[in-house]
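Okay, structure first, notes after.
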Ligand SMILES: Cc1cc2nc3c(=O)[nH]c(=O)nc-3n(C[C@H](O)[C@H](O)[C@H](O)COP(=O)(O)O)c2cc1C
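Residue numbers (the working numbering): 153 to 343.
Listed below in structure tokens is the structure:
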């Protein structure tokens, strides 16, 4: 029997920042369920912004005409059963690396907004921010998750981990609630 597979997309450039640490906790939960994982640091990928060529729309295909590292990410979208998207908040929204990924998910949204990914594919989100008020960026966080949902992915869970500034404030590993929520997010993603 083929193992279920989940892709973790990390939108922080820091390999050991709060976002990556929480994503690894989610990965621990996934692996404990016998789920295969693949982690992509979006910052390591050569991903151009969407060129608005409308190749995907004119041809009504879930494929992109821009040949760069996003092709590999698209391949993973075909193979995996779920997704964890983890991003820091930069200037009240997701990081530029994460926004590039979202724009390039355009092929999964048909002209009439019909989703092209199967609803059986689950997605959960981890957001990290410095500000201590978890609700401060609620509008942009909610909008981001809705836009991802337009692709057809079904949202399972999300975590806003706040009051975090790697190397300046206490490490996220000290916050047992955030660590546990991230672990459970992974453990329960495909249940
Ligand atoms: C360019 C930049 C912009 C940021 N903007 C915000 C912001 O608008 N609101 C906020 O709460 N934190 C902001 N932060 C702080 C980060 O979101 C926060 O420290 C996050 O946990 C960093 O994640 P990392 O440790 O995985 O890199 C910003 C950080 C950077 C580098």
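Virtual Cβ for every residue (Gly too), placed ideally from N, Cα, C.
To which residues of the same chain is residue i closer than 6 Å at the C-beta, ignoring the five residues directly before and after it?
{"i": "residue 318", "result": "169, 170"}
{"i": "residue 280", "result": "170, 171, 240, 313, 316"}
{"i": "residue 197", "result": "221"}
{"i": "residue 206", "result": "none"}
Please report the distance separating the alpha-carbon of residue i from that of residue j.
{"i": "residue 230", "j": "residue 269", "result": "8 Å"}
{"i": "residue 174", "j": "residue 336", "result": "11 Å"}
{"i": "residue 167", "j": "residue 263", "result": "37 Å"}
{"i": "residue 162", "j": "residue 322", "result": "21 Å"}
{"i": "residue 308", "j": "residue 274", "result": "6 Å"}
{"i": "residue 327", "j": "residue 250", "result": "24 Å"}
{"i": "residue 199", "j": "residue 253", "result": "8 Å"}
{"i": "residue 177", "j": "residue 235", "result": "14 Å"}
{"i": "residue 221", "j": "residue 213", "result": "18 Å"}
{"i": "residue 289", "j": "residue 239", "result": "13 Å"}
{"i": "residue 325", "j": "residue 191", "result": "20 Å"}
{"i": "residue 311", "j": "residue 330", "result": "8 Å"}
{"i": "residue 299", "j": "residue 285", "result": "23 Å"}
{"i": "residue 334", "j": "residue 219", "result": "33 Å"}
{"i": "residue 276", "j": "residue 297", "result": "9 Å"}
{"i": "residue 301", "j": "residue 320", "result": "34 Å"}
{"i": "residue 255", "j": "residue 248", "result": "10 Å"}
{"i": "residue 223", "j": "residue 164", "result": "20 Å"}
{"i": "residue 228", "j": "residue 287", "result": "32 Å"}
{"i": "residue 211", "j": "residue 332", "result": "44 Å"}
{"i": "residue 305", "j": "residue 193", "result": "20 Å"}
Bridge partners for residue i per DSSP, in chain order?
{"i": "residue 237", "result": "161, 277"}
{"i": "residue 199", "result": "Paired residue(s): none; residue 199 is not in a bridge."}
{"i": "residue 242", "result": "245"}
{"i": "residue 261", "result": "267"}
First and last residue of the alpha helix (DSSP H) that includes residue i?
{"i": "residue 309", "result": "No alpha helix (DSSP H) contains residue 309, which is instead part of the beta strand (DSSP E) from 306–313."}
{"i": "residue 250", "result": "248–255"}
{"i": "residue 335", "result": "328–340"}
{"i": "residue 181", "result": "170–184"}
{"i": "residue 294", "result": "290–301"}
{"i": "residue 207", "result": "207–210"}
{"i": "residue 223", "result": "222–231"}
With a threshold of 7 Å on Cβ separation, who are the neighbours of residue i within its own chain once the five nearest residues in sequence on each side are excluded?
{"i": "residue 292", "result": "244, 245"}
{"i": "residue 184", "result": "339"}
{"i": "residue 283", "result": "314"}
{"i": "residue 233", "result": "156, 157, 158, 273, 342"}
{"i": "residue 186", "result": "155"}
{"i": "residue 265", "result": "302"}
Tell me the residue span of the beta strand (DSSP E) that contains residue i.
{"i": "residue 377", "result": "The structure shown does not extend to residue 377, since the chain is modelled only from 153 through 343, so no value can be given for it."}
Short of 8 Å in beta carbon distance, which residues of its chain neighbour residue i, apart from the five on each side in sequence? Order them along the chain.
{"i": "residue 189", "result": "157, 158, 159, 160, 179, 182, 183"}
{"i": "residue 208", "result": "214, 215, 216, 217, 258, 259"}
I'd like to confirm something about residue i: is its beta-carbon nearer than 7 Å to some heavy atom of ligand 3, or not?
{"i": "residue 237", "result": "With respect to small molecules bound, the structure shown includes ligand 1 and not ligand 3."}
Inset, instruction - Kindly provide the chain-ordered list of residues whose Cβ lies closer than 5 Å to any non-hydrogen atom of ligand 1. - result: 164, 166, 169, 170, 171, 240, 241, 242, 243, 244, 280, 281, 282, 283, 316, 317, 318
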